[in-house]
Amino acid sequence: MLATLVFFAVRLSRVDPIESRFTARERVSNKTRSVPDRAILLEEGERVQAYRLRGYLFFGSVSPLADHLRQSLTGVSRPLCLLLDFSAVSGFDFSAVSVLGRFLQTANAAGVRVVLSAVSEGLRSGLGRSLPPSVYDELLVEPDVDGALERCEDIVIEAWNADMADERRASLLDHAANDLEHYLERQMEFENLIEGLQGYLTPHEYSSGETIAGPDVSQEDLQLLLSGRASGYDSAGARLFQCGPGNAIWPADAPDQTSVVADEPCRTMVLTPVARGNLEKSEEGLALKLYRYLLGGRLQGERGGRQLQTDSHTQEEDQ
Numbered sequence: 045m046l047a048t049l050v051f052f053a054v055r056l057s058r059v060d061p062i063e064s065r066f067t068a069r070e071r072v073s074n075k076t077r078s079v080p081d082r083a084i085l086l087e088e089g090e091r092v093q094a095y096r097l098r099g100y101l102f103f104g105s106v107s108p109l110a111d112h113l114r115q116s117l118t119g120v121s122r123p124l125c126l127l128l129d130f131s132a133v134s135g136f137d138f139s140a141v142s143v144l145g146r147f148l149q150t151a152n153a154a155g156v157r158v159v160l161s162a163v164s165e166g167l168r169s170g171l172g173r174s175l176p177p178s179v180y181d182e183l184l185v186e187p188d189v190d191g192a193l194e195r196c197e198d199i200v201i202e203a204w205n206a207d208m209a210d211e212r213r214a215s216l217l218d219h220a221a222n223d224l225e226h227y228l229e230r231q232m233e234f235e236n237l238i239e240g241l242q243g244y245l246t247p248h249e250y251s252s253g254e255t256i257a258g259p260d261v262s263q264e265d266l267q268l269l270l271s272g273r274a275s276g277y278d279s280a281g282a283r284l285f286q287c288g289p290g291n292a293i294w295p296a297d298a299p300d301q302t303s304v305v306a307d308e309p310c311r312t313m314v315l316t317p318v319a320r321g322n323l324e325k326s327e328e329g330l331a332l333k334l335y336r337y338l339l340g341g342r343l344q345g346e347r348g349g350r351q352l353q354t355d356s357h358t359q360e361e362d363q
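So this is what it looks like as structure tokens:
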């Protein structure tokens, strides 16, 4: 029996507890960001180091992990924010909590913010018992990796805005000039469309937390978001995307289980199927402008998830 336990422990200790790792340059959250903020993340995203952990964590596997993480806190490339995702962790023992707690104290002393995602209640309680209150209170905990990555992005953007000199701000805006120009052109196109479609649109307002679109709401209405932000969620509650002013909310082509919920008070203009049919009959040119705008938004959305990663590879090649 003892030999079996020893063999099992040795097998577990050989499993790398790090399933994958990435930075905020290589992966972005589903939160809608302004053009300058996206440029900041492209430039500073490597200051976020994220680790997706896996398997059963015990002393034999978590100690090498803690050593690796501790080494990342030293040198000029020290991260500003560290993300640990526990969504693929199956369990842990008390020694793993103790080792992890000691590392979190080291990170706190080094001034590195730590964000945890998908932490079980047992692990959270264990950390609460093993950490000093001052360290535990500094931990940021999110239910999923998307929310945790958003937190890390916010920390990087806030730090950049607080620290950067005027010349670096000017340099950043210069690099983002083309994206800013495209954004402003698209906003002007949106405003012109709204003005031209006034006779076909119906205004609607949503309070924060109200469902804008989903299985229990009309799937046929096209909604153009004038103000506020709204997020799309799957049936498990994971955020899939976020919409901002100028975006279209039209879930007829999305999975039936997707719901779009207002993150804050929102104002939309609704184009019903009847109004859309009248538009196509009466003003074919205006209808084509609308569909061209919607298609441009669709293509931009498909590119958006890959844009930071593509640009980061381009920058690395240039260097």
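Numbering (our numbering), first residue to last: 45 to 363. All C-beta atoms, glycine included, are put in the ideal place defined by N, C-alpha and C.
In this structure, the beta-carbon distance from alanine 140 to leucine 101 falls below 7 angstroms. When the beta-carbon positions are compared, threonine 316 and aspartate 265 come within less than 7 angstroms of each other. Taking a cut-off of 8 angstroms on C-beta distances, the stretch 104 to 123 does not touch the stretch 235 to 244, as fewer than three cross pairs fall below it. Put simply, of Ala306, Arg91, Glu233 the residue whose alpha carbon is nearest the alpha carbon of arginine 69 is Arg91. Three or more Cβ pairs drawn from the stretch 184 to 193 and the stretch 269 to 289 lie within less than 8 angstroms of each other, which places the two stretches in contact. The stretch 313 to 328 makes no contact with the stretch 223 to 231; the number of CB pairs closer than 8 angstroms stays below 3. Judged by beta-carbon spacing, serine 131 lies beyond the 7 angstroms limit of alanine 154, meaning their Cβ atoms are not closer than that value.
By the Cβ criterion, the stretch 75 to 89 is not in contact with the stretch 157 to 176, since fewer than three pairs of Cβ atoms, one from each stretch, lie closer than 8 angstroms. Looking at the DSSP output, isoleucine 293 sits in a beta bridge with Gln267. For the pair leucine 124 and alanine 203, the CB atoms are nearer than the 7 angstroms cut-off. Between alanine 274 and alanine 306, the C-beta spacing is below 7 angstroms. Annotated three-state conformation of valine 156 is coil, per DSSP. In this structure, the straight-line span from the alpha carbon of asparagine 74 to that of glutamate 194 is close to 8 angstroms.
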